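In our numbering, the protein residues as written are -12 to 101.
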């Protein structure tokens, strides 16, 4: 199933603009965590965050399709949507550095998928 969407580069940049959201994305890149587990991990790393604050950041990441969710009973688990992150980074690359070898390679990958 294709789980990527086209996201305006400005909206993607806004989603990345907060250090806490970047840390959440790092935590979720390779594992699934609940909001309470994310809060505990951030606090262990020295961040003073509350569950409502983390939920707010997760809502922003969800609206940008940068995280996946899975419900188990009343618990919601989050993982990073790595494909969406890659596509958004590639879109920025095409917009800001279109003549680079990396942009050409990204365009080739898109053509193969398309």
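From the three backbone atoms N, C-alpha and C, an ideal C-beta is built for every residue, glycine too.
Note that the structure is a prediction, hence the values are computed from the model and not measured.
Span separating the alpha-carbon of residue 23 from that of residue 4
23 Å
Just the Cα atoms here: how many angstroms apart are residue -12 and residue 32?
Because the pLDDT of residue -12 is 39, which lies under 50, any placement of that residue in the model is unreliable, and the number read from its coordinates should be weighed accordingly. Approximately 34 Å, taken between the alpha carbons.
In chain order, what are the residue ranges of uninterrupted beta strand (DSSP E) at least 3 long that sit wholly in the segment 47 to 93?
54 to 59, 62 to 67
Could you tell me the alpha carbon to alpha carbon distance between residue 77 and residue 9, rounded to whole angstroms?
18 Å
Within a Cβ cutoff of 6 Å, which residues of the same chain sit near residue 28, ignoring the five residues on either side of it in sequence?
14
I'd like to know whether the C-beta atoms of residue 54 and residue 41 end up nearer to each other than 8 Å.
no
Please report the residue range of the alpha helix (DSSP H) in which residue 27 lies.
22 to 31
Just the Cα atoms here: how many angstroms apart are residue 56 and residue 44?
14 Å
Apart from the five residues just before and just after residue 18, which ones in its own chain have a Cβ nearer than 8 Å to its Cβ?
66
Assuming the contact rule is C-beta atoms closer than 8 Å, residue 72 and residue 21 should be a hit. Round their C-beta distance to whole Å, please.
21 Å between Cβ atoms; not a contact.
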